[in-house]
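Residue numbers (UniProt numbering): 1 to 143.
Worksheet: the structure to be examined is printed underneath.
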């Protein structure tokens, strides 16, 4: 959570975003079902206190950190927890790439009240599912 207080209603002059991971969570114990129950409760509670909750996930659009483009193909290398960008020929640690994309999603939500185009999923026709420009996957007006 960025900029808020736990248990208190959000003040109108504070911009606050709570990012919640949408990735799969699993354990050998019974915590898997507890996580989804907790997430549901937490999101409902946060929204009732007027906080904006944004779901984020690396699988939405994996983005190359060296170019900031989402149209690059990635090959997973599971043994090293790495993703390999086939266009840039660069390996990235999966968790670092995810953290970078998640931070960018939250910052854009705070700045412009929307998700960056390069972090939006693209449908089969090349259109952004959540509105925005045409096909492709590069930056929009971020500069």
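Note that beta-carbon positions come from the ideal geometry of N, C-alpha and C, so glycine has one too.
Counted as a single uninterrupted DSSP element, the beta strand (DSSP E) harbouring residue 52 occupies residues 52-56.
Leaving aside the five residues that flank residue 53 on each side, the residues in its chain whose CB is nearer than 7 Å to its CB run, in chain order, 18, 20, 43, 46, 47. Counting only the Cα atoms, residue 96 lies some 19 Å from residue 87. Non-local C-beta neighbours of residue 55 in its own chain, meaning closer than 7 Å and more than five positions away in sequence, comprise 20, 22, ordered along the chain. The residue among 90, 92, 49 with its C-alpha nearest the C-alpha of residue 11 is 49. Going by DSSP, residue 113 is part of no beta strand (DSSP E) at all; its letter is neither H nor E. Exposure of residue 103 is indicated by the presence of fewer than 16 other C-beta atoms within 10 angstroms of its C-beta. For residue 91, the uninterrupted beta strand (DSSP E) run begins and ends at 90-93, by DSSP. CA-to-CA, the gap between residue 107 and residue 98 works out to about 14 Å. Distance from residue 105 to residue 115 at the Cβ level is roughly 6 Å; contact confirmed, criterion being Cβ atoms closer than 8 Å.
Taking each of 91, 124, 113, 100 in turn and checking the Cα distance to residue 51, the smallest one comes out for 113.
DSSP lists 56 as the beta-bridge partner residues of residue 21.
The beta-bridge partner set that DSSP reports for residue 128 consists of 122.
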